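Single-structure report; data block below.
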Amino acid sequence: PDAWITYHLYYKAPDWIGPHVAAALGIPYIAIEASHAPKRAGGPWDLSHRAVAHAVRQAARIVCLNPNDRACLEPLAPGRIALLPPFLDPTPYAPAAGARAALAARYGLPMGEPWLLAVGMMRPGDKLASYRQLAAALTRLTDRPWRLLVAGDGPAAAAVHAAFAPLADRVHWLGALDEAALARVYPAADLLVWPAVREAFGMALLEAQAGGLPVVAGRTDGVPAVVAADTTGLLPPPDDIAAFAAAVATLLDDPARREAMGQAARARVLRHHSLQTAAIALDRILTEALCHSSA
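According to this note's numbering, the sequence shown is numbered sequentially starting from 10.
What follows is the structure, encoded as structure tokens:
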């Protein structure tokens, strides 16, 4: 082999094998989506924490999809961090004629009202917190016409439904959808809304933009890496219900701006976040790592 590549090592899943094999064979060690948490030092995960640090120090390249991971990795691998923007195949998300009419017929949705869309697993913790923040924000907007489509299911479904009880006549539950079904929903909606509580970057945000949807999401963690503020969406401060509601209201009240942002969103995904773009970028990163190691 020319290199050893390990994906997603962190303190709960260190790479016990790769660094030793790479060293024995004299080949570069490369890690994709590694994370290093200094706060784990000396705690119950100290052994695996130190193993991650060892692997990162040895790495010829660390490939980060979330720019926020860089700060803790750079001291261990100075000059060896490469950023790879999150990516997807945008083809299934292309806007399709008749998608909105089909969804309207299936769920009894009014064609003339804006459709908000939320996509997320319903599980305790950050996802449930996002749903609760969304419900609280939308409760402030009942003076405007809109419907909310919710795609997702999970163990916290009852708690999510309870949060939206005051808005029951406006909320349409789509349940858990597979990738193909969800790809047909995005282009039919008007605006993705998601508070993104402690979200790494949120693939749903990228999928929505691939479908031509503008986004309102909390400015948390890696979200700004996938949503261009004021260009493809609005990013209010995290955990600010009033600001989130105001951002949604801004785009509800301005269909032309929604449309322009949606077009910009798909164009940006095609330019910066497509599978083809990622393949070119990753090829460059790996080639540089191999050339540097052999120099």
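C-beta atoms are modelled at their ideal positions from N, C-alpha and C, and glycine is treated no differently.
Since this is a predicted model, take the numbers as computed values, not measurements.
Bridge partners - residue i, DSSP secondary structure assignment
i	result
Val225	Val202 and Leu243
Leu126	Leu158 and Leu201
Ile14	Ile39
Cys73	Leu92
Leu97	Ser283
Gly184	Ala160
Tyr19	Ala22
Ala238	Gly242
Supposed contact pair residue j and residue i - C-beta distance, whole angstroms, cut 8 Å
i	j	result
Pro94	His282	6 Å
Thr241	Val224	7 Å
Leu158	Leu125	7 Å
Leu222	Pro123	That pair is no contact at about 11 Å.
Leu118	His181	6 Å
Ala43	Leu18	5 Å
Asp162	Arg267	Not a contact, Cβ separation roughly 28 Å.
Pro133	Ala174	That pair is no contact at about 18 Å.
Thr229	Leu243	That belief does not hold up - the Cβ atoms of Thr229 and Leu243 are roughly 14 Å apart, past 8 Å.
Phe96	Ala265	Going by Cβ atoms, the distance from Phe96 to Ala265 rounds to 29 Å, so no, they are not a contact pair.
Leu299	Pro37	6 Å
Identity of the residue in the options nearest residue i by Cα
i	options	result
Lys136	Leu82, Ala172 and Asp263	Ala172
Ala273	Leu215, Thr229, His170 and Asp78	Leu215
Gly227	Arg207, Ala43, Ala213 and Ile289	Arg207
Ala33	Glu268, Leu112 and Ala12	Ala12
Ala252	Val235, Ala166, Gln142 and Leu291	Gln142
Thr100	Asp263, Leu82, Ala298 and Gln285	Gln285
Gly52	Lys21, Ala234 and Cys73	Lys21
Pro23	Ile36, Pro10, Arg49 and His58	His58
Gly184	Pro204, Asp230 and Met130	Met130
Arg109	Gly163, Leu191 and Leu147	Leu191
Trp203	Arg70, Gly163, Met120 and Val236	Val236
Thr151	Asp239, Ala254 and Ala166	Ala254
Asp249	Phe96, Arg149, Ala105 and Ala168	Arg149
Asp292	Val72, Ala234 and Leu85	Val72
His45	Ala258, Gly35 and Val65	Val65
Ala138	Pro247, Arg277, Glu297 and Pro10	Pro247
Ala31	Gln67, Pro47, Ile41 and Arg79	Gln67
Asp98	Ala189, Pro47 and Phe210	Ala189
Tyr116	Asp263, Asp178 and Arg277	Asp178
Cβ-Cβ distance between residue i and residue j below 8 Å
i	j	result
Arg90	Leu295	Reading off the sequence, residue 90 comes out as Ile, not Arg. Not a contact, by the Cβ cut-off of 8 Å.
Leu279	Val194	no
Leu92	Pro76	yes
Val232	Ala205	yes
Leu201	Ala217	yes
Trp25	Ala69	no
Pro28	Ala105	no
Val128	Ala168	no
Pro245	Ala256	yes
Ala144	Leu176	yes
Residue i burial status per 10 Å Cβ neighbour count (16 or more: buried)
i	result
Met270	buried
Trp155	buried
Thr306	This structure cannot speak to residue 306, because the chain is shown only from 10 to 304.
Arg275	buried
Tyr140	buried
Tyr102	buried
Ala50	exposed
Ile289	exposed
Ala80	exposed
Ala308	The chain is shown from 10 up to 304; residue 308 falls before or after that span and cannot be answered.
Asp239	exposed
Any non-hydrogen atom of the ligand HEM within 7 Å of residue i CB
i	result
Arg266	Ligands in the displayed structure: none, and consequently the ligand HEM is not present.
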